[in-house]
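Residue numbers (this note's numbering): 5 to 233. Here a beta-carbon is modelled for each residue, glycine too, at the ideal position from N, C-alpha and C. In what follows, a single structure is set out as structure tokens and then discussed.
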């Protein structure tokens, strides 16, 4: 296996490995290592990468969203690091093209399968962490996380209108936003809003203003509608 084949990938991610064997290991799928016993698959690196990703994302959100309570921070983090999100990050750097797969996995679309590419993304993050330390790991992954958060916020901006369109498809349906609580000092107050559709709570939002909290609640309700489809 020729490690020089991965020069373009290193250029795309903006990181040059000192130990290129770490990079190769991050790209080896279990299907390949099962046929080539001399190569270790990326599952152990994926395990480590999951934890590295979690702490980097948590620290970033803690700083980027001051005053945001634990429950909402947890939901935002989950949306930024779930399989779908990680597969999208992997696609941005064409990670699937670089994976080592056996012929069967290749033939069945393994290079674009979210479960495969998301795991490889975590493994790559772990490889960078081991090779260059936490600061290099942050430098690599934070642009994906920050852009993901920006897109989330953008989608929330008009979530109320989008939800209204969805609900109006059923005649007689009614949306109600209720202020469930507020806390914090006057200069940094936080508002909690609950969203009910026909008397059933479908979303909860928290923010520094009632309007923004309503948008968060609407976004959560839309997600529930999509998950039920």
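Among 230, 199, 183, 207, nearest to residue 213 - alpha-carbon criterion:
Ranking 230, 199, 183, 207 by CA distance to the CA of residue 213 puts 183 first.
Roughly how many angstroms lie between the CA atoms of residue 193 and residue 186, to the nearest whole one?
Answer to the nearest angstrom: the Cα atoms are 7 Å apart.
In whole angstroms, give me the CA-to-CA distance for residue 118 and residue 129.
Residue 118 and residue 129 have their alpha carbons spaced roughly 16 Å apart.
Could you tell me whether the region 25 to 35 touches the region 126 to 145, using the rule of 3 or more Cβ pairs below 8 Å?
Verdict: yes, contact present.
Neighbourhood of residue 127 by C-beta distance below 6 Å, restricted to the same chain and skipping five residues each side
Within the same chain, residue 127 has close Cβ partners 30, 46, 49, 50, 53.
Who are the Cβ neighbours of residue 125 in its own chain at under 7 Å, not counting the five residues just before and after it?
The answer, listed in chain order, is 90, 93, 94, 99.
Residues in its own chain within less than 7 Å of residue 177 by CB, not counting five upstream and five downstream?
For residue 177, where only same-chain residues beyond five positions count, the Cβ hits under 7 Å are 171, 201, 202.
Tell me whether the beta-carbon of residue 217 lies closer than 8 Å to the beta-carbon of residue 207.
Going by C-beta atoms, residue 217 is not nearer than 8 Å to residue 207.
Name the DSSP beta bridge partners of residue 141, please?
Answer is none; residue 141 lacks a bridge partner.
Secondary structure, alpha helix (DSSP H): runs of 4+ residues fully inside the region 92 to 126
If one requires a minimum length of 4 residues, the alpha helix (DSSP H) runs lying completely within the region 92 to 126 are 107 to 111, in chain order.
Nearest to residue 181 by CA position, among 17, 225, 174, is which residue?
Among 17, 225, 174, the Cα nearest to that of residue 181 is on 225.
Opposing strand residues paired with residue 195 [DSSP bridges]:
Residue 195 is bridged to 186, 211.
Using only the alpha-carbon positions, how far apart do residue 14 and residue 72 sit?
The alpha-carbon atoms of residue 14 and residue 72 are separated by roughly 36 Å.
For the region 99 to 113 and the region 141 to 150, state whether three or more C-beta atom pairs, one from each stretch, are separated by less than 8 Å.
Output reads no: the region 141 to 150 does not touch the region 99 to 113.
What three-state label does DSSP hand residue 19 in the structure shown?
In the structure shown, the three-state DSSP call for residue 19 is coil.
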